[in-house]
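In what follows, a single structure is set out as structure tokens and then discussed.
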Amino acid sequence: MSMFTLGTSRPEMAAVYTGLGIIFLQLRGEYRQKREGPQAASHQTELWKRVFWCYVLLDAKYCIFNGSPPAINLENYDVGLPLEVDDDYWDRGFVQPLGKPSAGSYLVHQAKLCKILGDVMRRLFASKETKIRLGWGSSEWEQDTVAELDSALNDFLNSIPAHLRWDSDSPPQGIFFDQSIVLHVTYYQIQIMIHRPYIHKTHALAAPSLFICTSAARTILHIARGWLDKRRGQPFPTVANAIFISAIILFLNSFGTKRGGRPVATDKDTNLIETAMEIMKLMETRFQSMGRLWELLRELRSLDRLPVNYPPTDDLGSFGRSPDLSDGGPLKPGMSIEQLLADTDHLTATNGAFDEELMAMWMAVPTDISNFGEWDAYIGSRNFNTN
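Note that UniProt numbering has the sequence shown beginning at 1, numbered continuously upward.
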């Protein structure tokens with residue numbers, strides 16, 4: 001029901017069904033670690049662990065989609081991660097054969113990303129009252145916290161097993177291809193969530209955060225296009241939010257670049273924005289809200305007087321384009337905030353990249369993509385004409 005509702009005109013209602021499932025899990029006591037003998041695994045315990053973590057994943061996706069806090073606070077749960085053992089080997093002592101990658105590794109690593117996301121929501125997006133009570137919110141605290149979360153993401157990226165690592169020249173095969181796509185898009189989406197709040201602030205993090213968000217947005221759209229070029233079918237609904245937000249980031253970055261009087265890599269970011277619109281148009285055939293997101297992107301493009309071109313839904317040939325990512329991306333894993341500060345001197349207030357109007361534009365971007373009224377108001381109140 002939750003997944004089906006995501007494709008209707010009221011996608012935000014999907015969180016209601018997820019919430020019901022979470023309540024039933026709590027009634028069953030499935031939020032506590034179950035042990036049988038000396039921590040022995042069983043079919044039932046492993047199946048319920050899968051159920052629990054699938055709900056965590058759904059909750060995380062709707063949390064991002066609706067801009068709301070997660071319903072599952074992982075600090076209150078102690079359910080272990082599922083075993084990275086395929087079903088075929090559950091009757092053989094729950095031992096995965098050496099040299100045979102497990103399809104279950106994907107769920108485990110998505111669960112690890114959800115833990116990082118929960119930490120991001122708890123610390124960076126806490127209420128004002130909570131931050132005051134816990135002594136959070138100072139400039140130094142924010143910089144240290146962002147650096148710590150970046151480090152956690154880098155550690156996660158280094159922990160991804162070889163069969164799930166994304167390589168556009170030699171991508172994973174079979175089910176691992178799809179798993180790798182979603183895993184890496186989610187990774188870059190969380191990276192954007194960490195840094196997006198600081199783009200519009202007069203803060204030491206502003207310049208590197210803009211650089212990181214722009215690089216992550218470009219990478220997300222390249223990965224999404226790679227998936228479409230190979231699969232030539234409907235993308236996963238769970239990546240739609242990341243694709244839409246990536247297009248918004250690239251649009252505002254392009255607008256700010258033009259306002260600052262600097263050259264615009266039109267053939268790069270404009271093509272990526274068009275790619276996002278093509279994906280939204282394709283997804284509209286199955287998910288009603290995707291058509292509305294396409295219209296929002298079209299409005300932004302028309303306000304900036306940039307052409308809007310998209311192919312028929314049965315023509316995916318344009319997804320084969322591969323613009324260069326050398327202009328500001330992709331971000332190198334392991335880069336510290338200090339390194340980014342040193343490498344982003346060109347993104348300073350002195351060149352007009354962060355004037356008051358542009359800061360206001362970044363600040364006013366809605367966090368809830370499901371509330372189309374907020375987006376209509378946002379577009380209606382802005383004049384994006386740079387001529």
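Ideal placement from N, C-alpha and C gives every residue a C-beta, glycine not left out.
Everything numeric in this text was worked out from a predicted model, so none of it was measured.
Asked, Found
"Straight-line CA distance for residue 153 to residue 268?", "27 Å"
"Should the segment 12-27 be called in touch with the segment 43-60, which here means at least 3 C-beta pairs below 8 Å?", "yes"
"Of all the options 52, 76, 70 and 105, which has the alpha carbon lying nearest to the alpha carbon of residue 87?", "105"
"For residue 170, is the classification buried or exposed, using 16 other Cβ atoms within 10 angstroms of its Cβ as the cut-off for buried?", "exposed"
"Which term fits residue 162, buried or exposed, when burial requires 16 or more other beta carbons within 10 angstroms of its beta carbon?", "exposed"
"Rounded to whole angstroms, what is the Cα-Cα separation between residue 308 and residue 286?", "At residue 308, the pLDDT of 44 sits below 50, so the modelled position is not reliable and the matter cannot be decided from this model."
"Please report the straight-line C-alpha distance between residue 240 and residue 290, rounded to a whole angstrom.", "8 Å"
"One question on the structure: do residue 70 and residue 107 come within less than 8 Å of each other, judged by their Cβ atoms?", "no"
"Between which two residues does the alpha helix (DSSP H) containing residue 283 stretch?", "271-283"
"What is the DSSP secondary structure of residue 8, reduced to helix, strand or coil?", "coil"
"Check the C-beta distance from residue 160 over to residue 188 and give it rounded, since I have them as a contact under 8 Å.", "Going by Cβ atoms, the distance from residue 160 to residue 188 rounds to 13 Å, so no, they are not a contact pair."
"Go through its chain and collect everything with a Cβ distance to residue 110's Cβ below 6 Å, but skip five positions before and after it.", "57"
"Which term fits residue 93, buried or exposed, when burial requires 16 or more other beta carbons within 10 angstroms of its beta carbon?", "exposed"
"Just curious, the alpha helix (DSSP H) that residue 148 is in, first and last residue?", "139-159"
"By the 10 Å Cβ neighbour count, where 16 or more other Cβ atoms means buried, how is residue 280 classified, buried or exposed?", "buried"
"Between the C-alpha atoms of residue 59 and residue 299, what's the straight-line distance to the nearest angstrom?", "30 Å"
"Quick one: residues in its chain with C-beta nearer than 7 Å to the C-beta of residue 4, no 5 flanking neighbours on either side, listed in chain order?", "none"
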